[in-house]
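**Student:** Right, I'll just put the structure down here and ask away after.
Chains as they are written, first to last, in our numbering: chain A, 145 to 320; chain B, 113 to 258.
Set out below in structure tokens:
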């Protein structure tokens, strides 16, 4: 996942529909990692997430399928997967939320489909999304402590489990 | 209590609690109501409230979120009652035992509220409907000894 092994833009020729779409994103793309007939993977400038999302959303037939969060050495890699249904193409846009802030601009303000998946990445990995419209807890339970992120690499699934929720208080005796 | 236990042997009403199951066990519970198994001939029906129920049919691995809710549902069930832990997940959390979001297994969760609870274990992934009927029969045997 280090930058050194990432092929530069010059090494992957921009071909076909995927190449056209990636070319439209302009210099926000810092590296194209894959550009095939039906699949594209590109890393973009972390400061320009929202701009890229707006451009992709404006393209014909595009929709945000989902996003993936990966805990990597340099931070949290956020992968937005955009589908282009008419062409049968998936383009993955990689953004690195760098340590120590792990913060990215939220695209949920303009792409509502990203709302819940950004909340989920915040819950499970601790990625922060600036200007997210509704950053409440989504999938962890109510008794889960703040600041514990179960899908981080340094979280042990058994040893690091927080204490279990308490037994709810018993009802008063004799009340019918 | 003896009279209540005697009454519990007839026409068990079942409340179904899903504590994070994948739905496969729930489908098998549903099979019990179809004409092939037709548990209504034994007077058993699925009811919509734990306050009407004699049996809690618990499926799922009991996640952290479900754990206090299951305890609350057990408290609201009219006693005496039988808990059926249906499926590998409900028995011992199955393949999810070592994942971060698990509460305690269903039997421990219930025993934290009532140490004397009658718990029938139905292993399988998912268990056959015949196994669930067998579990009810065994629960009857236990009630007879009380």
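For every residue, glycine included, the Cβ atom is placed at its ideal position computed from N, Cα and C.
With H, G and I counted as helix, E and B as strand and the rest as coil, what does DSSP make of residue 248 of chain B?
**Tutor:** In the structure shown, residue 248 of chain B sits in a helix (DSSP, three-state: H, G or I).
**Student:** Determine whether the Cβ of residue 224 of chain B lies closer than 8 Å to any Cβ atom of chain A.
**Tutor:** It does; some Cβ of chain A falls within 8 Å.
**Student:** Assign residue 140 of chain B to one of two classes, buried (16 or more other C-beta atoms within 10 Å of its C-beta) or exposed (fewer than that).
**Tutor:** Counting Cβ neighbours within 10 Å, residue 140 of chain B comes out buried, since at least 16 surround it.
**Student:** Give me, in chain order, the residues of the same chain whose beta-carbon lies closer than 8 Å to that of residue 270 of chain A; leave out the 5 immediate sequence neighbours on both sides.
**Tutor:** Excluding residues within five positions, the ones whose Cβ falls inside 8 Å are 220, 246, 291, 293, 296.
**Student:** Is there contact between the region 163–174 of chain B and the region 117–127 of chain B, where contact requires at least three CB pairs shorter than 8 Å?
**Tutor:** In short, these stretches touch, since the Cβ pair count reaches three.
**Student:** Apart from the five residues just before and just after residue 281 of chain B, which ones in its own chain have a Cβ nearer than 7 Å to its Cβ?
**Tutor:** Because chain B spans 113 through 258 in this model, residue 281 of chain B falls outside it and cannot be assessed.
**Student:** Among A:229, A:274, A:243, A:239, whose alpha-carbon lies nearest the alpha-carbon of residue 254 of chain A?
**Tutor:** If we check each option's Cα against that of residue 254 of chain A, A:274 comes out closest.
**Student:** Does any C-beta atom of chain B lie closer than 8 Å to the C-beta of residue 308 of chain A?
**Tutor:** With 8 Å as the cut-off, residue 308 of chain A counts as an interface residue toward chain B.
**Student:** In whole angstroms, give me the CA-to-CA distance for residue 308 of chain A and residue 262 of chain A.
**Tutor:** Cα to Cα, residue 308 of chain A sits roughly 26 Å from residue 262 of chain A.
**Student:** Got a sec, what are the start and stop residues for the alpha helix (DSSP H) residue 259 of chain A sits in?
**Tutor:** Start and end: 258–269.
**Student:** Which full runs of the alpha helix (DSSP H) of 4+ residues lie inside the region 195–278 of chain A, going along the chain?
**Tutor:** Entirely contained in the region 195–278 of chain A, the alpha helix (DSSP H) runs reaching 4 residues are, in chain order, 258–269.
**Student:** Chain A partners of residue 77 of chain B, CB-CB under 8 Å?
**Tutor:** No information on residue 77 of chain B is available, as it lies outside the stretch 113 to 258 that chain B covers here.
**Student:** Just curious, the beta strand (DSSP E) that residue 194 of chain B is in, first and last residue?
**Tutor:** Counting along the chain, the beta strand (DSSP E) containing residue 194 of chain B begins and ends at 194–198.
**Student:** Which residue comes first and which comes last in the beta strand (DSSP E) that contains residue 179 of chain A?
**Tutor:** First-last of the beta strand (DSSP E) with residue 179 of chain A: 173–179.
**Student:** Quick check: is the beta carbon of residue 298 of chain A nearer than 8 Å to any beta carbon in chain B?
**Tutor:** False, the Cβ-Cβ gap to chain B never drops below 8 Å.
**Student:** To which residues of the same chain is residue 193 of chain B closer than 6 Å at the C-beta, ignoring the five residues directly before and after it?
**Tutor:** Cβ within range, chain order: 166.
**Student:** For my contact list, residue 160 of chain A and residue 181 of chain A are in at a C-beta cut-off of 8 Å; report their separation, rounded to the angstrom.
**Tutor:** Correct: roughly 6 Å between the Cβ atoms.
**Student:** Rounded to a whole number of angstroms, what is the C-alpha to C-alpha distance between residue 268 of chain A and residue 225 of chain B?
**Tutor:** C-alpha separation (whole angstroms): 31 Å.
**Student:** Assuming residue 175 of chain A and residue 248 of chain A make a contact with CB atoms under 8 Å, what is their CB distance in whole Å?
**Tutor:** Their Cβ separation, rounded to whole angstroms, is 17 Å, which puts residue 175 of chain A and residue 248 of chain A out of contact at 8 Å.
**Student:** Does residue 212 of chain B come within less than 8 Å of chain A when only Cβ atoms are used?
**Tutor:** Yes, residue 212 of chain B lies at the interface with chain A (some Cβ there is under 8 Å from its Cβ).
**Student:** Kindly provide the ranges of any beta strand (DSSP E) runs that are 3 or more residues long and lie completely inside the region 169–224 of chain B, ordered along the chain.
**Tutor:** Entirely contained in the region 169–224 of chain B, the beta strand (DSSP E) runs reaching 3 residues are, in chain order, 194–198.
**Student:** Residues in the same chain with beta-carbon distance under 8 Å from residue 241 of chain A, minus the five sequence neighbours each way, listed in chain order, please.
**Tutor:** Excluding residues within five positions, the ones whose Cβ falls inside 8 Å are 190, 219, 220, 221, 222, 247, 248, 271, 272.
**Student:** Would a C-beta distance cut-off of 8 Å place residue 241 of chain B and residue 200 of chain B closer than the cut-off?
**Tutor:** It is not a contact, given that the beta carbons lie outside the stated cut-off.
**Student:** What distance in whole Å lies between the Cβ atoms of residue 257 of chain B and residue 182 of chain B, which are believed to be in contact at a cut-off of 8 Å?
**Tutor:** Not confirmed; about 26 Å, so no contact.
**Student:** Would you call residue 249 of chain B buried or exposed, if buried means 16 or more other Cβ atoms sit within 10 Å of its Cβ?
**Tutor:** Residue 249 of chain B comes out exposed.
**Student:** Whole angstroms are fine: how far does the CA of residue 285 of chain A sit from the CA of residue 316 of chain A?
**Tutor:** If you take the alpha carbons of residue 316 of chain A and residue 285 of chain A, they lie about 27 Å apart.
**Student:** Closer than 7 Å by beta-carbon distance: list the chain B residues that pair up with residue 305 of chain A, in chain order.
**Tutor:** The contacting residues are 212.
**Student:** Any residues in the region 176–205 of chain B with a beta carbon nearer than 8 Å to a beta carbon of chain A? Which ones, in chain order?
**Tutor:** Cβ contacts with chain A: 176, 177, 179, 180, 183, 184, 187.
**Student:** Under DSSP, the beta strand (DSSP E) around residue 130 of chain B begins and ends at which residues?
**Tutor:** 125–130 is the extent of the beta strand (DSSP E) around residue 130 of chain B.
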